[in-house]
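0 is the number of the first residue of the sequence shown in numbering that gives the first Met the number 0; add one for each residue after it. All C-beta atoms, glycine included, are put in the ideal place defined by N, C-alpha and C. This report concerns only the one structure given below.
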Amino acid sequence: MKKFFQLIFICGGLAVMNSCNNQDGCEDTVCQNGGICVEGTCVCPEGFSGPDCSITSFDNGVFVVHEGNFQGGNASLSFYNKSTGIMSNGVFSSVNGIPLGDVGQSMEIFVNKGYIVVNNSGKVEVVNLSDLTSIGTITGLTSPRYVRVLTASLGYITDLFSGLITVFNPSTLEVTGTIEVNGHVEQVVNTLYGLIATGTSANQVYKINISTNEVTDSVYVGVGPSNMVLDFEGKVWILTNGGWGTEEPKLVHLDPYTMQIEESFDFPSTNNYPGNLVINGAGTELYYVDGQVYKMDITDNSLPTLPFANAFAYKCGVDPVDDIVYISDAGDFNSNGKVYRYQSNGTPLDTFNVGVIPAEYAFTE
Numbered sequence: 000m001k002k003f004f005q006l007i008f009i010c011g012g013l014a015v016m017n018s019c020n021n022q023d024g025c026e027d028t029v030c031q032n033g034g035i036c037v038e039g040t041c042v043c044p045e046g047f048s049g050p051d052c053s054i055t056s057f058d059n060g061v062f063v064v065h066e067g068n069f070q071g072g073n074a075s076l077s078f079y080n081k082s083t084g085i086m087s088n089g090v091f092s093s094v095n096g097i098p099l100g101d102v103g104q105s106m107e108i109f110v111n112k113g114y115i116v117v118n119n120s121g122k123v124e125v126v127n128l129s130d131l132t133s134i135g136t137i138t139g140l141t142s143p144r145y146v147r148v149l150t151a152s153l154g155y156i157t158d159l160f161s162g163l164i165t166v167f168n169p170s171t172l173e174v175t176g177t178i179e180v181n182g183h184v185e186q187v188v189n190t191l192y193g194l195i196a197t198g199t200s201a202n203q204v205y206k207i208n209i210s211t212n213e214v215t216d217s218v219y220v221g222v223g224p225s226n227m228v229l230d231f232e233g234k235v236w237i238l239t240n241g242g243w244g245t246e247e248p249k250l251v252h253l254d255p256y257t258m259q260i261e262e263s264f265d266f267p268s269t270n271n272y273p274g275n276l277v278i279n280g281a282g283t284e285l286y287y288v289d290g291q292v293y294k295m296d297i298t299d300n301s302l303p304t305l306p307f308a309n310a311f312a313y314k315c316g317v318d319p320v321d322d323i324v325y326i327s328d329a330g331d332f333n334s335n336g337k338v339y340r341y342q343s344n345g346t347p348l349d350t351f352n353v354g355v356i357p358a359e360y361a362f363t364e
């Protein structure tokens, strides 16, 4: 960075800048994003890298996973750089020279790796977070949904159709086993008392022993348990979808030790379709999508009646560091969408044009 500013000082005037850019080796070199050519090599400002400064640095920001169109093969990944305020689209393909695949579902970040779940391609793309270069691919999956990495040697992949949770080694990317469950499992979270999994099609929440990879307990929480998060007390919040019209959806507060329901909040109608439950970094405020984004403190005694923001929402995410809320607007679900950013008090910040069907978020810390 010091070298970059020294170069700006040396090449401060416009005429001098031109002579700097026309020095030996720079005649055919084009540096993007404010980079400066020195003897044929681009010196990049903070937040950018690569031979022409076109690559965003990926160590301080937010990834946006785009589903793309089903069977369209146009899933993609965007990155919002918190240092520069720039949203870069299609970053996986730009860095690796290959398409991401068909239906981007979600992304897990653990230490220095990113695990991008590509649902209809039946795979998980694993990348180095420092530069987004590909490390490898976990293939042979039926319809993967989410990855949860617990340690450098233990991770899990949920699935829509296989009736299995895949166990894998994050260091080697080898599949080491499976856990048999009844139908679709959407998400898993790790607690002090075992792995908790939402059995969406079985209407059950499972407790799994991570030493034996066996289901040890289960509880009925309502029809279609899907998303869940951990609060600051280690309790689990579960959002059910009600079977998309079968019964009223619920927001359930579960003690993972006793597997007892502590609270249950019923949505007013079978016409409610809540989803995408997330929680802030402090583990105290819940956000979910039901046409718009709604916000609820974990101490509240009822569901919110007014939306957090007046924006159509397909998905949402909340940055665990600064509590900035990201809202995905998929538009017509065929063309490029938008991402809106809001402060945690509901004040709008800015809007970015992104790829087709922006969906879930992954945050670097």
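Burial state of Y256, where buried means 16 or more other Cβ atoms lie within 10 Å
exposed
Taking G336 as the reference, which of E359, D318, S343, N344 has the closest Cα?
E359
Is it buried or exposed, E66, if we count other Cβ atoms within 10 angstroms and call 16 or more buried?
buried
Determine the direct distance from the alpha carbon of C41 to that of S129, and round the result to whole angstroms.
19 Å
Would you mind sorting F332 into buried or exposed? The rule is 16 or more other CB atoms within 10 Å of its CB.
exposed
Touching or not, the segment 56 to 65 and the segment 23 to 37, by the rule of three or more beta carbon pairs under 8 Å?
no
Presumed contact (8 Å Cβ cut-off) between E179 and L163, rounded CB distance
6 Å
Please determine, among S334, F311, S343, Q342, the residue with the shortest C-alpha to C-alpha distance to D328.
That would be F311, whose Cα lies nearest to the Cα of D328.
Please state the DSSP three-state secondary structure of E107.
strand
Reference T136, options K249, Y114, Y155, closest by Cα:
The residue with the shortest Cα to Cα distance from T136 is Y114.
Evaluate contact between the segment 93 to 106 and the segment 348 to 362, counting only Cβ atoms and requiring at least three cross-stretch pairs below 8 Å.
Under the 8 Å Cβ criterion, the segment 93 to 106 counts as touching the segment 348 to 362, having at least three qualifying pairs.
Helix, strand or coil for N300, going by three-state DSSP, please let me know.
coil
Mark L238 as exposed unless 16 or more other C-beta atoms lie within 10 angstroms of its C-beta, in which case mark it buried.
buried
According to DSSP, is F351 part of a helix, a strand, or is it coil?
strand
Who pairs with N226 in a beta bridge, going by DSSP?
L238
Let me make sure I understand the geometry here. Which of F78, V292, L253 has the alpha-carbon closest to that of K314?
V292
Indicate the three-state DSSP secondary structure (helix, strand or coil) for V90 in the structure shown.
helix
At 3 residues or longer, and completely inside the segment 114 to 162: list those beta strand (DSSP E) runs for me, N to C.
122 to 127, 133 to 137, 143 to 150, 153 to 158
Euclidean distance between Cα positions of K234 and G280:
15 Å
Let me check understanding here. Comparing Cα to Cα, which of V126, I209, S170, V187 lies closest to I156?
V187
Here's the rule I'm using: 16 or more other beta-carbon atoms within 10 Å means buried, otherwise exposed. How should G34 be labelled?
buried
Restricting to runs no shorter than 4 residues, where is the alpha helix (DSSP H) found entirely within the segment 28 to 84?
Those alpha helix (DSSP H) runs which fall completely within the segment 28 to 84 and span 4+ residues do not exist here.
Measuring alpha carbon to alpha carbon, tell me which residue in N352, G176, L140, I356 is nearest L153.
G176
To which residues of the same chain is F264 closer than 6 Å at the C-beta, ignoring the five residues directly before and after it?
Short of 6 Å from the beta carbon of F264, and not among the five residues preceding or following it, lie these beta carbons of its own chain, in chain order: L250, L302.
Under three-state DSSP, which class holds N181?
coil
Decide if E38 is buried, meaning its Cβ has at least 16 other Cβ atoms within 10 Å, or exposed.
exposed
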